[in-house]
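Engineer: The structure under discussion is supplied below as structure tokens; questions concerning it will follow.
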Amino acid sequence: MSQSYNRGLIEDFGRWKEFSAGMWAWIFHKFTGWVLIGYLFTHIAVLSTSIGAASESTDVIQAQNDVYTTTLQGLEGLFLIRLLEIGLLAVAVFHILNGLRLLMVDLGIGLESQDKSFYASLVLTGAITVASVPTFLTGVTL
Amino acid sequence: MHEHDVIVVGAGGAGLRAAIAAHEAGADVAMVSKLHPVRSHTGAAEGGINAALQEGDDWELHAYDTMKGSDYLGDAPAVETLAQDAPEETINLEHWGMPFSREEDGRVSQRPFGGLSYPRTTYAGAETGHHLLHTMYEQVVKRGIQVYDEWYVMDLATTDEADPNDRECHGVVAYDVQSGQIEGFKANQGVVLATGGPGQAFDHTTNAVSCTGDGHAMAYRAGAPLEDMEFIQFHPTSLPSTGVLISEGVRGEGGILYNSEGERFMFEHGYANNSGELASRDVVARAELTEVDEGRGVEDEYVHLDMRHLGEERIMDRLENILHLAEDFEGVDGLVEPMPVKPGQHYAMGGIEVDENGQTCVDGLYAAGECACVSVHGGNRLGGNALPELIVFGKRAGRHAAGDDLGEPKIRTGYGDDVEDETETELPVAPGEAGLGTSGGVAADGGVTADAEGILERTVETARERVDRLMDKDDGVQHAEIRAKLQQAMTDYVNVFRTEEGVKKALKIIRECRQEYQDVYVDDPSRTFNTDLQQTIETRNLIDVAESIALGALVRDEFRGAHWRKEHQERKDDEWLKHTLISWDDGEPSIFYRPVILEGQEKTYEPKERSY
Amino acid sequence: MSTQQAEPESQEAPEDPEMKGAESPQERRLEEKDDGMVDERAEKTAELEGETVLIKVFRYDPEVADKQEPRFDDFHVPFTKGMTVLDAVMYARDEYDSSLTFRHSCRQAVCGSDAFFVNGRQRLGCKTQISDLEQPVRIEPLPHQEVVKDLVVDMDHFYDQMHTVEPYFQDEDTPPVEDLEEQRQSPENREKIKMSSRCIWCGACMSSCNIAAGDNEYLGPAAINKAYKFAMDDREGEEIKEHRLRILEQEHGVWRCQTQFSCTEVCPKDIPLTEHIQELKREAVKKNLKFW
Amino acid sequence: MAERYSSFTPGGTGWFLQRITAAFLVVVLAFHFFLLHFVNHAYEVTFLQTQVRMQNIGYFLTMVLFLVTAAFHGVNGVYNALVNQGLEGTQKKVVLAVLTIAGVGLVAQGIYVALTMNGMI
Ligand SMILES: Cc1cc2nc3c(=O)[nH]c(=O)nc-3n(C[C@H](O)[C@H](O)[C@H](O)COP(=O)(O)OP(=O)(O)OC[C@H]3O[C@@H](n4cnc5c(N)ncnc54)[C@H](O)[C@@H]3O)c2cc1C
Ligand code: HEM
Ligand code: SF4
Ligand code: F3S
Ligand code: FES
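Residue numbers (the working numbering), protein chains in the order written: chain W, 10 to 151; chain A, 10 to 621; chain S, 80 to 371; chain Y, 63 to 183.
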């Protein structure tokens, strides 16, 4: 019997330079999806401080000194967090835009320009992210 | 060893149809093919399938057209069977799911084709052969018919009585291309050869690289005569580097042929002062070659087909697919530059001599498809008549091999009392074996009558020895060199353009090739997928086939159908209403003739001038 | 001159009205023409004329000692106008190394034997002009398939997947001879399955698909497309269509497709594979919704 | 061949729901981002305001639904991604179980949080 030679997976990601638009879109969508679900868990964890806050006295809440408020505002005071937020926005925007692209593809609309719509998603994501930087960076001190 | 009732060699249109038919007749069938079935060259056919389907059309008209097209070298029983069975077989394909093109009312479309008195060419887009091939392969999958794909059949296991009419075929020997193993396939009831055309005998052909006439050569060496091999159809406009066809539509729309000097040679050199580029295929092909021979070819090879003057709009509208062909396969933009074209070998009308049931004179050996010659095409095949031949005669061969009674055939095969021996023609060299010793066959080993298994085993042994010999030899000539030389000789001298002197030269070169072949060796030492070995064996077959073509071309001193002889410019009905048969006779080819059968079921086809 | 006559016979399609349906790939090529892609090729051809091109070909043979470790061999092939990748490897085989092994047959993009990985993309050797490629030209066997030898890969898995979708008409076979009649099919319906029926089983799509690479059981674009051809053909009844959808919506069926489009991009027959897969997903959902 | 397919087709439903939830998420996620980063800046968020917003029953329900769909969409997405990578047999069952528990946990915790926010608990 003749044997055959299995090249394993070398050609998968080793060949990333040769990937086409659709493959990149797939990889980015995956990546952003995972970041988003990861964030959702974190987000709920952070928001859980409201459980503590709720049990605090109305005064504290009125004075905006409850754990929830302080935690959030404490976090928001960090430059790093602001950066991460911008990143999150970028990730979310891309996931949304490409998600819309995928929904179109699923409906069989505009399949010929699927590569163009991928590039459009990228460009739009970039533009929205850049545009949002001022908003995200207001009121933070280094 | 594998054992089946019926072994079908080759899985193109003819092979697939034969296998299905044999299976339906209750036989245990296996297909052995050097290519996976869907890779077969039937897939290249574009035009369509002739069948008298519509009201107003009639199988008798189809038979008449075919007979006339054959230049009265078709055998009436075969021609009539073709015309009668084609409709049923075509409809059958439709029921198997073949995606035929459709009319508004949902019926299959038919279009007019050259030489037909009624538009009866049934087609599926511009890919009829592709769909035919795939549809039938699907049916083979459905029926679970066993396919040994990428098994190369090397030889037939045939008994070796002195008279081929007494021989019996018991199976084949094949080698598994993937592993290099050589094994016997025992056929309890019959072997059907469906190995396709021999186009690779020529340098330039529309046929695939796999069309090497293996079936022809194997049957020939087993004792079945080859019939009418000199009738080869050439197409005047094929792309030089690949042989891809450029449709006649280009000339139909007004495309012009130019030589390297920019002359519109069809007129300026007087080849066809009236019809010019639209003259018949053989005329155009010969004109092109003359131009090249006389030094007015582009790069000494081809001429130009120019359609630029038709304007982009018209080209885009009517000839768009031509633009893509020229671009993909030749790298030429037909809107900007003229397209290179030259004549290419296209189809072999002749083949292994069989009767209407597909049987050769060797018992249990059948042939169908392009490798066979039932004789429906005679001197010239009409477009769209090969595909129906595959399904009609493929089916008959399969059924008969499986034991169905199809009645007594009207066509006789093999050497018999109805043939006429060749006496006149002087051969420049002795054709045939050059001490090759490869077909020493069974007798060489002593026993004449062994049982089927013994014969198969011995054939396997011979094949193994042969391969070992080729593999063990360390230097010598490589097949590619011999093949190139052979193809060149055929293209130079046995092409559209045939002179006595030329054909004799070709025979001499073929002889040289035979001698060189004795020194052939296989460089690739591997048993795994050794295409070097496979092609070396194929080259041997090509030599045999090429020789039979050249022999036929030499003896037939007339001009009939596709066979043109410089010295003999007319059809000689008194002398030549007969088939050329060449039989191997243990390595010394002999030539004889059998009269054409012009009596049909109800009428006799009187030879008429072939004009339309 | 008895047999000399105008003989308008023809084997090839005289004029295919169906090819005109201005498909997008054709349009694309025409666009390329407008964009000067073709002129570029003419320039490159002129540049290459009289030169040799360097092809780097993947070599491997489990049986031959110095080929057991895969390597690339360089061949310098004299360039001729119109030379395809297949022409180049054939030249290299016939002139330099007769053990160079690859499948090929028709040389006209109908047999589907010679899909290779050329300069990082699945292409049919016979349909790829050397002048369209960056030099040197790197030729490898199809990725994600086991290499048997040199450029030959094991196609069995591909064939298995093709067979899995029951690629044959399921209706009763032959009509009785007495009522010799074809089934009716509207030209529109035939048009719908036209593109899907052009597949030549070259395996390029399957090889290009990341998902098929990761999941051996995934039917793959070619098999799904094959099923599409049958599922969409009105000649087969509703029940059979449902049966076909059931095959397709299995775990490793259509859902696996992540619409990466690489299959569609590499298909030498310009079959809109992704589109077909997506349509089948919708059909499957529709069918399931009916049962709710 | 026959063992390849079954009439049970979770794939189709999952695929379909992934699209439906995606379509819903586009709207809510955009709304959510806009509201909490551009209209009300995140750094200004206080429990007080949150309480006010959450006491609006429409907003509350939207957020809960947002959470449920996002959780489903995200977890189902991760599951599909893993299955596409060739997850098989027991491994696959384990992953499914873990992801389901995580998803349900996330939703439960989220709803609990939401209820505290609007003061129901
Ligand atoms: C470009 C082109 C266009 C054409 N157009 C038309 C048309 O429009 N209408 C028409 O009627 N005809 C047409 N023809 C002619 C017709 O297509 C062929 O004559 C026909 O397809 C031959 O079919 P086949 O089954 O005999 O052989 P093929 O399809 O060539 O099959 C041969 C089979 O034999 C196998 N084989 C060969 N040797 C061996 C071996 N040694 N061992 C094992 N297996 C072997 C091969 O693997 C293959 O499977 C056209 C031909 C060409 C080239
Ligand atoms: C806002 C609108 C959103 C849209 C339009 C959207 C769209 C999509 C679509 C269509 C898919 C399926 C991709 C495929 O199967 O081919 C997907 C996958 C996914 N989405 Fe979203 N999504 C959105 C929001 C979110 C959110 C909020 C999360 C996080 C909680 C998320 C997490 C994921 C994950 C993890 C995947 C799987 C990615 C993978 O394939 O690995 N998405 N999304
Ligand atoms: S779909 Fe296209 S790429 Fe895939 S096998 Fe068929 S022809 Fe080749
Ligand atoms: S590349 Fe693969 S993921 Fe789908 S669109 Fe084609 S099958
Ligand atoms: S050689 Fe047949 S497809 Fe390329």
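Built from N, CA and C at the ideal position, the CB exists for glycine as well.
Quick check on this structure: which residue in S/Ile319, S/Val227, S/Ala167, S/Val345 has the alpha carbon closest to the alpha carbon of A/Thr537?
Structural biologist: Out of S/Ile319, S/Val227, S/Ala167, S/Val345, S/Val227 has the C-alpha closest to the C-alpha of A/Thr537.
Engineer: Would Y/Leu179 count as contacting chain W if we go by Cβ distances under 8 angstroms?
Structural biologist: Contrary to the premise, residue 179 of chain Y reads as Met rather than Leu in this sequence. Yes, Y/Met179 counts as interfacial toward chain W.
Engineer: Give a yes or no on whether 8 angstroms exceeds the smallest Cβ distance from S/Gln201 to chain W.
Structural biologist: By this cut-off, S/Gln201 is not an interface position.
Engineer: Name the two residues that bound the continuous alpha helix (DSSP H) containing W/Val55.
Structural biologist: 30-56 is the span of the alpha helix (DSSP H), which, as asked, contains W/Val55.
Engineer: Write down every uninterrupted run of the beta strand (DSSP E) in the segment 18-97 of chain A whose length is 3 residues or greater and which is fully enclosed by it, in chain order.
Structural biologist: Those beta strand (DSSP E) runs which fall completely within the segment 18-97 of chain A and span 3+ residues are 38-42.
Engineer: Once you ignore the five residues that flank A/Met348 on each side, which residues in its own chain have a CB closer than 6 angstroms to its CB?
Structural biologist: These residues qualify, in order along the chain: Leu314, Ala335, Val341.
Engineer: Of the residues S/Asp153, S/Pro246, S/Asp250, which one's Cα is nearest the Cα of S/Ser276?
Structural biologist: Cα-wise, what sits closest to S/Ser276 is S/Pro246.
Engineer: Please list, in chain order, all residues of the same chain as Y/Val169 whose beta carbon is under 7 angstroms from its beta carbon, the five residues on each side excluded.
Structural biologist: Within the same chain, Y/Val169 has close Cβ partners Leu129, Val130, Ala133.
Engineer: What is the C-beta distance between A/Val677 and A/His488, in whole angstroms, given that I count them as a contact (C-beta under 8 angstroms)?
Structural biologist: Nothing in the structure corresponds to residue 677 of chain A, since chain A is present only between 10 and 621.
Engineer: Between the segment 314-323 of chain A and the segment 260-273 of chain A, can you find at least three pairs of beta-carbon atoms closer than 8 angstroms?
Structural biologist: Yes, since at least three Cβ pairs between the segment 260-273 of chain A and the segment 314-323 of chain A fall closer than 8 angstroms, the two stretches touch.
Engineer: With contact counted as at least three CB pairs below 8 angstroms, one residue from each stretch, are the segment 177-197 of chain S and the segment 278-286 of chain S in contact?
Structural biologist: Yes, the segment 177-197 of chain S is in contact with the segment 278-286 of chain S.
Engineer: As a quick exercise: from A/Gln544, A/Glu112, A/Pro108, A/Pro352, pick the residue whose alpha carbon is nearest that of A/Thr137.
Structural biologist: Considering only alpha carbons, the answer is A/Pro108.
Engineer: Between the alpha carbons of A/Ser110 and S/Arg200, how many angstroms are there, rounded?
Structural biologist: Whole-angstrom Cα-Cα distance: 34 angstroms.
Engineer: Between A/Ala559 and A/Ala515, which are expected to be in contact by the criterion C-beta below 8 angstroms, what is the C-beta distance as a whole number of angstroms?
Structural biologist: Right, the Cβ-Cβ distance comes to about 5 angstroms (below 8 angstroms), so this counts as a contact.
Engineer: Measure the C-alpha to C-alpha separation of A/Thr432 and A/Gly206 and round it to an integer number of angstroms.
Structural biologist: Cα-Cα distance, rounded: 29 angstroms.
Engineer: Distance, Cα to Cα, W/Ala101 vs S/Glu330?
Structural biologist: Straight-line Cα distance between these residues: approximately 29 angstroms.
Engineer: S/Asp153 versus chain Y: which residues are under 8 angstroms apart at the beta carbon?
Structural biologist: Ordered by position in chain Y, no residue passes the 8 angstroms Cβ test against S/Asp153, which lies about 37 angstroms from the chain.
Engineer: Do you know offhand how far A/Gly24's Cα is from A/Ala39's?
Structural biologist: Their Cα atoms are separated by approximately 10 angstroms.
Engineer: Against Y/Phe78, what residues of chain S qualify as contacts under a CB-to-CB distance less than 7 angstroms, listed in chain order?
Structural biologist: Correct list: Val364.
Engineer: Verify the contact flag: S/Leu352, CB atom, against every heavy atom of ligand 6, threshold strictly below 7 angstroms.
Structural biologist: This structure lacks ligand 6; the ligands present are ligand 1, ligand 2, ligand 3, ligand 4 and ligand 5.
Engineer: What does A/Arg48 touch in chain S if you count any residue whose Cβ is under 7 angstroms from its own?
Structural biologist: Here the neighbours are Ser184, Cys190, Gly191, Ser192.
Engineer: Less than 8 angstroms between the beta carbons of W/Ser66 and Y/Thr178, yes or no?
Structural biologist: No.
Engineer: Since A/Met348 sits in a beta bridge, which residues does DSSP pair it with?
Structural biologist: Answer is A/Leu314, bridged to A/Met348.
Engineer: For a test of the three-state rule: what should DSSP assign to A/Ala241, helix, strand or coil?
Structural biologist: For the sequence presented, residue 241 of chain A should be read as Ile rather than Ala. Note: A/Ile241 maps to strand in three-state DSSP.
Engineer: Between A/Ser256 and the rest of its own chain, which residues show a CB-CB distance below 7 angstroms, the 5 nearest in sequence each way excluded?
Structural biologist: Contacts found: Ile331.
Engineer: Assign A/Gln368 to one of two classes, buried (16 or more other C-beta atoms within 10 Å of its C-beta) or exposed (fewer than that).
Structural biologist: Result: buried.
Engineer: For A/Asp3, which of helix, strand or coil comes out of DSSP?
Structural biologist: Summary: the structure shown does not reach residue 3 of chain A, with chain A confined to residues 10 through 621, and so no result is reported for it.
Engineer: Does the structure place the segment 51-69 of chain A close enough to the segment 115-135 of chain A that three or more beta carbon pairs sit under 8 angstroms?
Structural biologist: They touch, by the three-pair rule.
Engineer: Please work out which residues of its chain come closer than 7 angstroms, Cβ to Cβ, to W/Leu49, disregarding the five sequence neighbours upstream and downstream, and give them in chain order.
Structural biologist: Around W/Leu49: no qualifying Cβ.
Engineer: Please name the residue in Y/Val88, Y/Ile119, Y/Leu110, Y/Gly120 whose C-alpha comes closest to that of W/Asn74.
Structural biologist: Looking at the Cα atoms, Y/Leu110 is the closest of the given residues.
Engineer: Please report the residue range of the beta strand (DSSP E) in which Y/Lys155 lies.
Structural biologist: No beta strand (DSSP E) holds Y/Lys155; the alpha helix (DSSP H) holding it covers 151-179.
Engineer: How many whole angstroms separate the CB atoms of S/Phe248 and A/Trp593, which I take to be in contact at a CB cut-off of 8 angstroms?
Structural biologist: Not confirmed; about 43 angstroms, so no contact.
Engineer: When you measure from the CB of S/Ala301 to every non-hydrogen atom of ligand 3, does any distance come out below 7 angstroms?
Structural biologist: Yes, since a heavy atom of ligand 3 falls inside the 7 angstroms radius drawn around the Cβ of S/Ala301.
Engineer: Roughly how many angstroms lie between the CA atoms of Y/Ala176 and Y/Val126, to the nearest whole one?
Structural biologist: Roughly 7 angstroms separates the two Cα atoms.
Engineer: Does the structure place the segment 461-477 of chain A close enough to the segment 161-172 of chain A that three or more beta carbon pairs sit under 8 angstroms?
Structural biologist: In short, these stretches touch, since the Cβ pair count reaches three.
Engineer: At what residue ranges does the segment 294-325 of chain S contain a whole run of the alpha helix (DSSP H), taking only runs of 4 or more?
Structural biologist: As far as the segment 294-325 of chain S is concerned, its whole alpha helix (DSSP H) runs of at least 4 residues are 300-310.
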